[in-house]
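Visitor: First residue of the sequence shown? That's 15 in the numbering used here, and the numbers climb one at a time after it. Below is one structure. I have some questions about it.
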Amino acid sequence: MEPQPQPPTPLSPRTHQLTDFTQPDWKHDVILITTRDEQLLDELGVHEKFMVPGLNPRDSLQLFCHHVFAQGNSKEGYEELSRGLVHYAGGIPSAIETFTDFLSGKAKDEWDQILEKLVKNPCLDSLGVYLTSISPIVPFKSVGPCGGSGGPYDDGAHTTVRKIFVGLESVIHSITIEYDDDGSLVRSCQHGGLYAPRTINHQV
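Here you go:
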């Protein structure tokens with residue numbers, strides 16, 4: 015009887031735990047590593063990388079409603095708000111779950127205020143929603159205002175870099191850059207500390 019194939023073994027994303035899988039006698043095997051740490055893949059010399067795309071708008075909304083309303087669709091009167099807010103989680107399930115935890119228990123008028131803030135600054139961490147578990151992901155795609163479409167980022171000239179956020183006190187704490195990718199927002203991970211006393215937004 016031929017041996018049955020074994021299921022993949024989950025591994026913690028630490029280099030020293032993967033060294034046994036990179037020995038010469040393993041060269042004909044395919045090793046699948048699932049991680050958010052792109053630097054780890056570079057250190058291991060991974061040949062092929064694939065970034066799993068985020069959820070589409072329909073599935074994002076369904077997951078959002080499941081967590082915040084305990085049902086598969088929006089509560090009556092929250093339909094437009096739900097669609098507007100879930101966009102800023104970028105289709106990433108863990109971001110949607112974290113965002114819904116933040117929204118749970120808040121009144122509808124607070125949701126309106128949150129959406130207004132996100133239209134001006136489409137970064138969840140601007141609300142105090144820190145997505146540390148996904149911070150290494152680059153690019154971070156969202157569907158905020160789009161350059162070239164008459165939105166607040168459209169200056170009629172620059173279509174690549176939209177805005178640079180610089181957090182500072184007496185020294186620069188962090189820098190985050192937003193780019194335009196065919197009309198979609200692409201936000202870099204934050205370089206530096208998370209909690210800057212104040213932030214300067216430089217639009218180019």
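We put the CB at the ideal spot given by N, CA and C, even for glycine. Just so you know, these numbers come straight off a predicted model, no measurement behind them.
Pull up the distance between the alpha-carbon of I110 and that of D123, whole angstroms please.
Guide: On the sequence shown, position 96 is the one that residue 110 refers to. On the sequence shown, position 109 is the one that residue 123 refers to. The alpha-carbon atoms of I110 and D123 are separated by roughly 20 Å.
Visitor: Quick test of the definition: if touching needs 3 or more C-beta pairs under 8 Å, does the stretch 112 to 120 touch the stretch 63 to 82?
Guide: These segments touch.
Visitor: Can you have a look at F78 and say buried or exposed, based on whether 16 or more other CB atoms are within 10 angstroms of its CB?
Guide: Taking the first residue of the sequence shown as position 1, residue 78 is located at position 64. That one is buried.
Visitor: Tell me, please, which residues DSSP counts as bridged to I106.
Guide: For the purposes of this step, residue 106 is taken as residue 92 along the sequence shown, with counting starting at 1. Beta-bridge pairing links I106 to no other residue.
Visitor: Any idea which residues DSSP pairs I45 with across the strands?
Guide: In the sequence shown, residue 45 corresponds to position 31, counting from 1. Its beta-bridge partners do not exist; DSSP assigns none.
Visitor: I need the boundaries of the alpha helix (DSSP H) containing F52, first residue and last residue.
Guide: For the purposes of this step, residue 52 is taken as residue 38 along the sequence shown, with counting starting at 1. At residue 52 the sequence reads Glu, which differs from the Phe that was named. Segment E52 to L58, the alpha helix (DSSP H) holding E52.
Visitor: For L55, which residues in the same chain have their Cβ closer than 8 Å to its Cβ, ignoring the five residues on either side in sequence?
Guide: Looking up residue 55 in the sequence shown gives position 41. Here the set comprises I47, T49 and K63.
Visitor: Are N70 and G98 touching if we call contact CB-CB under 8 Å?
Guide: As a first step, residue 70 must be located in the sequence shown, where it is residue number 56. As a first step, residue 98 must be located in the sequence shown, where it is residue number 84. No, the pair does not count as a contact, with Cβ atoms beyond the cut-off.
Visitor: In whole angstroms, what is the alpha-carbon distance linking G59 and P67?
Guide: Position 45 of the sequence shown, counted from the first residue, corresponds to residue 59. Position 53 of the sequence shown, counted from the first residue, corresponds to residue 67. Going by the C-alpha atoms only, they are around 22 Å apart.
Visitor: Just mark I45 as buried or exposed, buried being the case when its beta carbon has 16 or more other beta carbons within 10 Å.
Guide: Position 31 of the sequence shown, counted from the first residue, corresponds to residue 45. With fewer than 16 Cβ atoms within 10 Å of its Cβ, I45 is classed as exposed.
Visitor: Between Y92 and E57, what straight-line distance do the alpha-carbon atoms span, to the nearest angstrom?
Guide: Along the sequence shown, read from residue 1 onward, the residue named residue 92 stands at position 78. Along the sequence shown, read from residue 1 onward, the residue named residue 57 stands at position 43. Y92 and E57: Cα-Cα distance of roughly 46 Å.
Visitor: With a cut-off of 8 Å on the beta carbons, I'd call S96 and L75 a contact; round off their distance for me.
Guide: One-based indexing of the sequence shown puts residue 96 at position 82. One-based indexing of the sequence shown puts residue 75 at position 61. Sure, about 6 Å apart at Cβ, within 8 Å.
Visitor: For V133 and H61, I'd like the C-alpha separation in whole angstroms.
Guide: Position 119 of the sequence shown holds residue 133. Position 47 of the sequence shown holds residue 61. Distance between the alpha carbons of V133 and H61 is about 39 Å.
Visitor: Given a threshold of 16 other Cβ atoms within 10 Å of its Cβ, counted over all protein chains shown, does S88 qualify as buried or as exposed?
Guide: What you label residue 88 is simply residue 74 of the sequence shown in a count that begins at 1. The residue is buried, with at least 16 neighbouring Cβ atoms inside 10 Å.
Visitor: Taking the straight line between their C-alpha atoms, what separation do you get for K131 and D73?
Guide: Counting from 1 along the sequence shown, the entry for residue 131 is found at position 117. Counting from 1 along the sequence shown, the entry for residue 73 is found at position 59. Taking the straight line from one Cα to the other gives about 24 Å.
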